[in-house]
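Asker: Chains as they are written, first to last, in the working numbering: chain P, 8 to 161; chain H, 279 to 993. By construction, the Cβ of each residue, glycine as well, lies at the ideal position given by its N, Cα and C atoms. Note that this is a predicted model, so its numbers are computed, not measured.
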Amino acid sequence: MKLNVNGAAHEVHAPDDMPLLWVLRDLLGFTGVKFGCGMAQCGACTVHLDGQAIRSCVTPVSAVAGRRITTIEGLSPDGSHPVQQAWAEIDVVQCGYCQSGQIMSAAALLTENPSPSDADIDIALAGNICRCGTYQRIREAVHRAAALNKRVQR
Amino acid sequence: MSGLGRRELLKSSLLSGAGLFIAFHVPSKARAAAPKPKAPAPPDPNAFVRVAPDGTVTVLLAHSEMGQGIWTGLAMMVAEELDCEWSKIRVEHAPAAPVYAHPAFGLQMTGGSTTTWSELERYRTVGAMARDMLVRAAAQKWRMDPKKLTTANGVVTDGRRKATYGDLAQAAQALSPPRTVTLKDPKDWKILGKPTRRLDTPEKITGKAQFGMDVQFPGLRTALIARSPVFGGTLKSFDPSKAKAVPGVEAVVPVPSGVAVVASNYWAAKQGRDALKIEWDEGPGATLDSTVLLANYRGQAKGPGGAVAGKKGDADSAMAGATKRLEAEYDVPYLAHAPMEPLNCTVNLEGNRCEIWTGTQFQGMDQTIAAKIAGVPPEHVTIHTTFLGGGFGRRANPRSDFVAEAVHVAKAAGVPVKVVWTREDDIRGGYYRPLFLHRVEVGLGNDGKPVAWRHQIVGQSILAGTPFEQLMVKGGVDATSIEGVTDSPYLEPIGARQITLHSPKNQVPVLWWRSVGNTHTAFAMESVIDEMAWAAEKDPVEYRAALLEKSPRHVKTLQLAAEKAGWGSRPPDGRARGVAVHESFGSIIAEVAEVSVDADKNIHVHKVTCAVDCGTAINPLGIEAQVQGAVAYGLSAVLHSELTLKDGRVEQSNFHDYRVLRLPDMPQVEVHIIESGAKMGGIGEPATAPVSAAVANAVYALTRKRLRSLPLKLV
Chain P
8 MKLNVNGAAH EVHAPDDMPL LWVLRDLLGF TGVKFGCGMA QCGACTVHLD GQAIRSCVTP
68 VSAVAGRRIT TIEGLSPDGS HPVQQAWAEI DVVQCGYCQS GQIMSAAALL TENPSPSDAD
128 IDIALAGNIC RCGTYQRIRE AVHRAAALNK RVQR
Chain H
279 MSGLGRRELL KSSLLSGAGL FIAFHVPSKA RAAAPKPKAP APPDPNAFVR VAPDGTVTVL
339 LAHSEMGQGI WTGLAMMVAE ELDCEWSKIR VEHAPAAPVY AHPAFGLQMT GGSTTTWSEL
399 ERYRTVGAMA RDMLVRAAAQ KWRMDPKKLT TANGVVTDGR RKATYGDLAQ AAQALSPPRT
459 VTLKDPKDWK ILGKPTRRLD TPEKITGKAQ FGMDVQFPGL RTALIARSPV FGGTLKSFDP
519 SKAKAVPGVE AVVPVPSGVA VVASNYWAAK QGRDALKIEW DEGPGATLDS TVLLANYRGQ
579 AKGPGGAVAG KKGDADSAMA GATKRLEAEY DVPYLAHAPM EPLNCTVNLE GNRCEIWTGT
639 QFQGMDQTIA AKIAGVPPEH VTIHTTFLGG GFGRRANPRS DFVAEAVHVA KAAGVPVKVV
699 WTREDDIRGG YYRPLFLHRV EVGLGNDGKP VAWRHQIVGQ SILAGTPFEQ LMVKGGVDAT
759 SIEGVTDSPY LEPIGARQIT LHSPKNQVPV LWWRSVGNTH TAFAMESVID EMAWAAEKDP
819 VEYRAALLEK SPRHVKTLQL AAEKAGWGSR PPDGRARGVA VHESFGSIIA EVAEVSVDAD
879 KNIHVHKVTC AVDCGTAINP LGIEAQVQGA VAYGLSAVLH SELTLKDGRV EQSNFHDYRV
939 LRLPDMPQVE VHIIESGAKM GGIGEPATAP VSAAVANAVY ALTRKRLRSL PLKLV
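(1) Have a look at Gln578(H) and His780(H) and give me their C-alpha separation to the nearest angstrom.
(2) Could you give the distance in angstroms between the alpha-carbon of Lys905(H) and the alpha-carbon of Val949(H)?
(3) State the DSSP-derived secondary structure class of Tyr104(P), mapped to helix, strand or coil.
(4) Please report the residue range of the beta strand (DSSP E) in which Tyr608(H) lies.
(5) Any Cβ of chain H within less than 8 Å of the Cβ of Ala154(P)?
(6) Can you check whether the CB of Val697(H) is closer than 8 Å to the CB of Val687(H)?
(7) By the three-class DSSP mapping on this structure, what secondary structure does Met8(P) have?
(8) Which two residues bound the contiguous alpha helix (DSSP H) that contains Lys834(H)?
(9) Evaluate contact between the region 956–966 of chain H and the region 643–662 of chain H, counting only Cβ atoms and requiring at least three cross-stretch pairs below 8 Å.
(10) Kindly list, in the order they appear in chain P, the residues whose Cβ is closer than 7 Å to that of Asn932(H).
(11) Tell me, to the nearest whole angstrom, how far the beta carbon of Pro728(H) is from that of Ser829(H); I am working on the premise that it is less than 8 Å.
(12) How is Asp517(H) classed by DSSP in three states: helix, strand or coil?
(13) How big is the Cα-Cα spacing for Val459(H) and Met411(H)?
(14) Output needed in chain order: residues of the region 50–64 of chain P with a Cβ under 9 Å from some Cβ in chain H.
(15) Could you run through the region 537–560 of chain H and flag, in chain order, every residue whose CB is less than 9 Å away from some CB of chain P?
(16) Compare the C-alpha of Ala148(P) against each of His55(P), Ile128(P) and Ala133(P) and name the closest.
(17) At 9 Å on the CB atoms, spell out the chain H contacts of Pro89(P), in chain order.
(18) According to DSSP, Ile647(H) sits in a beta bridge with which residue or residues?
(19) In chain order, what residues of the same chain have a beta carbon less than 6 Å from the beta carbon of Cys137(P), not counting five sequence neighbours either side?
(20) Closer than 7 Å by beta-carbon distance: list the chain P residues that pair up with Arg476(H), in chain order.
(21) Take Gly351(H) and list the residues in its own chain whose beta-carbon comes closer than 7 Å to its own, dropping the five residues that flank it on each side.
(22) I'd like the list of long-range same chain contacts for Gly773(H), defined as Cβ closer than 6 Å, with 5 residues on each side in sequence excluded.
(23) Check the C-beta distance from Ala51(P) over to Phe37(P) and give it rounded, since I have them as a contact under 8 Å.
(24) Quick one: is Phe495(H) buried, meaning 16 or more other Cβ sit within 10 Å of its Cβ, or exposed?
(25) So is Pro694(H) buried or exposed if we call it buried at 16+ other beta carbons inside 10 Å?
(26) Can you pull the chain P neighbours of Gly351(H), defined as C-beta to C-beta under 9 Å?
(27) Nearest CA to the CA of Thr484(H): which residue from Leu35(P), Trp94(P), Gly58(P) and Val12(P)?
(28) Buried or exposed: where does Glu358(H) fall if 16 or more other Cβ atoms within 10 Å of its Cβ makes it buried?
(29) Consider the Cβ of Phe863(H): report whether some Cβ of chain P lies at a distance smaller than 8 Å.
(30) Just grab the DSSP bridge partners of Ser874(H) for me.
(31) Of all Cβ atoms in chain A, is any one closer than 8 Å to the Cβ of Ser124(P)?
(32) Given a limit of 7 Å on CB to CB distance, which residues of the region 876–905 of chain H reach chain P?
(33) Compare the C-alpha of Leu992(H) against each of Glu929(H), Leu917(H), Asp703(H) and Gly852(H) and name the closest.
(34) Quick check on the DSSP output: what are the complete beta strand (DSSP E) runs of length 3 or more inside the region 686–736 of chain H, in order along the chain?
(35) Look at the alpha carbon of Lys482(H) and the alpha carbon of Val40(P), and state the distance between them as a whole number of angstroms.
(36) Mark Asn675(H) as exposed unless 16 or more other C-beta atoms lie within 10 angstroms of its C-beta, in which case mark it buried.
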């Protein structure tokens, strides 16, 4: 089947029920997408499907053929997406393993809601676990990214 | 590893004979190890710092970056003395080699919140040595006295001419390292002590950072292992036919820990493992039940026996003469570390070489154990340490479980293989924080202060059966079971006290979990002190300060946290505050938690105000992150996480039933650092320990219900 990942077409041979996560990681080499739980509990595998945040670990690859998939590798060419900039500025990461998913969830939130409140952030990112406990800086960085976005748009 | 253990290790002549300061082996030049000198030899700068002709400075990290920020902290130490440009710094994990042995432990490893304090001298020294060599290279070039040259921002100058470090790199490499160097006076520090952003951010926000899970190369297979559902169970028989029928599955091989399914990718291996038919000999572990275990522990704590962990005076008669008596039992469950990156290890065996890629905290043990299994000399085992997707102690296993079994699979399957654990494998795979019970009896005098203390601790020994047993288990007392009680400053002034430890055995493998013994000792100690304060009708902060009068650092830390939290002022409606102060890993942390309880009796933690005295702050921005993170890690155990066993099986399996802290539960954590200048302590773990009691004490202040079991539950 044909997959559109980060704007490029890829031909893959995979069983229909193979989760998108493992197609991206093991067949196409997009290892920025992380495996954390395999049952949509932790959010480490978050990617965008037509701009919406989804859990790739429970999404069968057959369901996404021909649709637009964006991984952390495709969020920006050089780490300059406002969410990435804010993450760097606020010094969010620790071990970093969950951060691809956190960033993808945050970017999808800001597309839908350019000025999220703390409560909006809590709801949108409740599905992304961070065992290092970077949550406080994540909240701060989402607000910062919202501000950076507005600056860019002005 | 524990703070107490650290002191034991430092004292130990055994370990210092085995490996302290073996610093002459330079792997790049394959030079033979020099005889060990009497005095500690200076480190070889070539093993730690490389200056390239383009001016890039590469720092080799003897420890593992697992989120705690040493990738940045140790580079700061080098940069401070080297006077290089901060933007030119690159960091790499060092290979496994004796030269990278932990300066205090004599074994290459990361743990016990020790990296920063233990490396402050070595990493500054190698920076200063490299600078000296670059300055001498410039002096030779210009035929000048090196003393007349100065350095700044990666440039050597005589005031007139300039040479960059890149220009001088090659000439400097030919020079011999200096015998001694003088380090900067801390008052002249330009980098150390300043809030500094992380150096590993760019790769971690773009998906480029390589974790063990991300290792890929042509020919590499993925394996999943079916392990016994019961701890201690062994393989009886298996039928691989259905597994082998799964497309992509290439081999099914028995290994000591179970049956490995080797496939072309993870999904095929997972499907193959699900299709395996296995019969286990479950053994005696099949009857394990954590409710029964806890009941047995309660019985043991009331009965005789046990090892004496601390004793002074006659606790029994002092207890009989006390004005008031308090009795309380506190218990904590088994806990999995559950780092975000499930365990994994990649192994390639070729000829008489073994190559390993993994995120490990314990290269020193891993190399030895892998060598034995692979049947090659340890120096033929190459370990590529990747970033660790969290460690929290799980990746520092003296038995190297996840590395050892990957070597077994590679050997049995005869192909390069990456063994991957599922989250279920991780939650059910053992090496937990042990279940512990504390029974505390305190006798109070007329003034409300303790005059007698009887304390029984029951829980499995982490160190029994490991190579550390000989050093850190004395007279039946595992140092990691009692740290935080026997060395408590509250106990020191009490004339009559007895602490007894029971270390029952069972099949559940246990291990250090962020802050180790302090995870339960701080909960018990800081809860019972709070109960004593209420019994004595004293303010919990003032009562603690009075008991701690001989420990001024504790008092200062406690009072700073209280002041910043607005202790004494009215909390917002429906909220109350609780306090705890605890020393571990050489650092003192006081925390004030502000909590509320909702209509469904759920506990909410809104704010945790922390005061920290770790002696000297190397990177305040990193310290703030570690304290916030350690509080969050602790709060998972306070509010949610619990592993239970029934019929020998772990009842939880993934994040839906092994619950951890999520973003909506995260309180505002405020961090105040005290620069005491005292002997430096660690910062990765200490803030995890006191948060349980701070929250439990706040819940008591709000509801008058004393919760003595973790996780805290009002219903």
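Answerer: Looking at the atomic coordinates:
(1) 8 Å
(2) Per the sequence presented here, residue 905(H) reads as Val, with Lys not at that position. Val905(H) and Val949(H): Cα-Cα distance of roughly 7 Å.
(3) coil
(4) Here the beta strand (DSSP E) through Tyr608(H) covers Lys602 to Val610.
(5) no
(6) yes
(7) coil
(8) Pro830 to Ala843
(9) no
(10) Cys44, Met46 and Gln48
(11) No, Pro728(H) and Ser829(H) are not in contact; Cβ-Cβ is about 15 Å, not under 8 Å.
(12) strand
(13) 11 Å
(14) Against chain H - using a Cβ distance shorter than 9 Å - the residues of the region 50–64 of chain P are Ala51.
(15) Ser542, Asn543, Tyr544, Trp545, Ala546, Lys548 and Gln549
(16) Looking from the CA of Ala148(P), the closest CA among His55(P), Ile128(P) and Ala133(P) belongs to Ile128(P).
(17) Those do not exist, as Pro89(P) stays about 12 Å from chain H at its closest Cβ, beyond 9 Å.
(18) Listed as beta-bridge partners of Ile647(H) by DSSP are no residues whatsoever.
(19) Cys105
(20) Asp98 and Val100
(21) Here Gly351(H) has Thr394, Ile896, Asn897 and Gly900 as same chain residues with Cβ atoms under 7 Å from its own Cβ, once five neighbours each way along the sequence are excluded.
(22) Gly591.
(23) Wrong, their Cβ atoms sit about 13 Å apart, outside the cutoff.
(24) exposed
(25) buried
(26) The premise fails here: Gly351(H) is roughly 13 Å from chain P at the closest Cβ pair, so nothing lies under 9 Å.
(27) Trp94(P)
(28) buried
(29) Under the 8 Å criterion on CB atoms, Phe863(H) is classed as non-interfacial with respect to chain P.
(30) Arg853(H) and His882(H)
(31) Note that chain A does not occur in the displayed structure, where the protein chains are P and H.
(32) Leu899 and Ala903
(33) Checking every option, the nearest Cα to that of Leu992(H) belongs to Leu917(H).
(34) 695–698 and 714–722
(35) 11 Å
(36) buried
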